[in-house]
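A.B. asks:
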Amino acid sequence: MAAATQAREWSSPNGYFRVEAEAIAFDDKTVVLKKPTGELIAAELAELSEADQEYVQSREAKEAYAKSVDQMQTWTAADGMKVRGRVLAYGKKDLTVRRQLGKMIVDDKRFAAMDPLHQKLTFTIISKIVGQEITDEKSFEEWGKTLRADTRTFPLEGVLMELESGDEIGVPFFLFAKEEQELLQPGWKAWLENESNTAAQQRESLMMQTQAMEYQRDRENRNQIEAVKLGLLATATGVISIWEVILEPAQGNYYRRTSVMVPAQNSQAAEQMVMQKYPGFRVVGVRRASR
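Using this note's numbering, the letters of the sequence shown correspond one by one to residues 30 to 320.
1. Per DSSP, A118 forms a beta bridge with which residues?
2. Is S296 helix, strand or coil by DSSP?
3. Between R317, A318, Y283, E273, which lies nearest to M304 when the distance is taken from Cα to Cα?
4. Round the Cβ separation of Q82 and L74 to the nearest angstrom and send it over; I've been treating them as touching at under 8 Å.
5. If you run the structure through DSSP and keep just helix, strand and coil, what is A229?
6. Out of curiosity, what's the CA-to-CA distance linking K149 and Q238?
7. With a threshold of 16 other CB atoms inside 10 Å of the CB of P308, please say whether the residue is buried or exposed.
8. Return yes when at least one heavy atom of the ligand FAD lies under 6 Å from the C-beta of V112, else no.
9. Can you round the beta-carbon distance between D123 and T182 to whole angstroms, since I take them to be within the 8 Å contact cut?
10. Considering R88, what are the terminal residues of the alpha helix (DSSP H) in which it resides?
11. So, with DSSP's three-state summary, where would you put D15?
12. Quick one: Cα of E28 to Cα of W172, how far?
13. What first and last residue would you give for the beta strand (DSSP E) that runs through E73?
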């Protein structure tokens, strides 16, 4: 469930950007806002006004967000299985399996002692990767015998999820139903490209985590979070128009829909300025935001 803060006006320091919205998620770098229409946008705190930055640090905002972020969620696997867990972040995590003294060991835990849901997810993930049907402990044991004394490591890429049992696991995108893959994957490519930039990775994970919370609250609302870039507004001088250039990622790119606010003489100049900075995108709209 989303944080229940009150809607308020948010703006850039020079006032060229203004929006009425409620803060539904944030960290020390980014805030995700929800407009009255249900649209979701994310902005960097450093590009917002001092009053906005102070509000995010307020007790009211922090308490509301803390209540929402701990909510358990229900996800659907590609095979229809329901998974209770809380999506934490994008991530990479190895799944290691070995056979020791006749017992199956998964991530250094005895498989037989694992939570039943954790067991079932392990079956599903390994089955998909090795191309062999593994549906229960018996078939898992049979497959495990082929390991002999070896340890098998499966590198997983997708999301980190905390199960109700408290176990934290890596869940590859292929495990999710198609609709939920489409919800979670935008932002993945940007996360991968920023492996040396912790702040950028945290921003993408925050947006994805918030997307997941909103989807769980209202499954009819599948609005993707739009990243709003305000940095170019700092260059606005004199009487000049402010344009909003709306970008969609090129086909096959798991980037996030992005809106760039830019000062320019006309829409063509605004579009050219933005495309130089965002080569992996295509322009789907340009509108005058203010003058």
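In this text, a Cβ means the ideal position worked out from N, Cα and C, and glycines have one as well.
Please read all numbers here as calculations on a predicted model, not as lab measurements.
C.D. replies: The structure says:
1. L189
2. helix
3. E273
4. 5 Å
5. helix
6. Put simply, the backbone Cα of K149 is about 24 Å away from that of Q238.
7. exposed
8. Inclusion of the ligand FAD in the displayed structure is not the case, the ligand content being empty and no account of it being possible.
9. 5 Å
10. Looking at the DSSP string, the run of the alpha helix (DSSP H) that includes R88 is 88-98.
11. The chain is shown from 30 up to 320; residue 15 falls before or after that span and cannot be answered.
12. It is not possible to answer for residue 28, since the shown part of the chain is limited to 30 through 320.
13. 69-73
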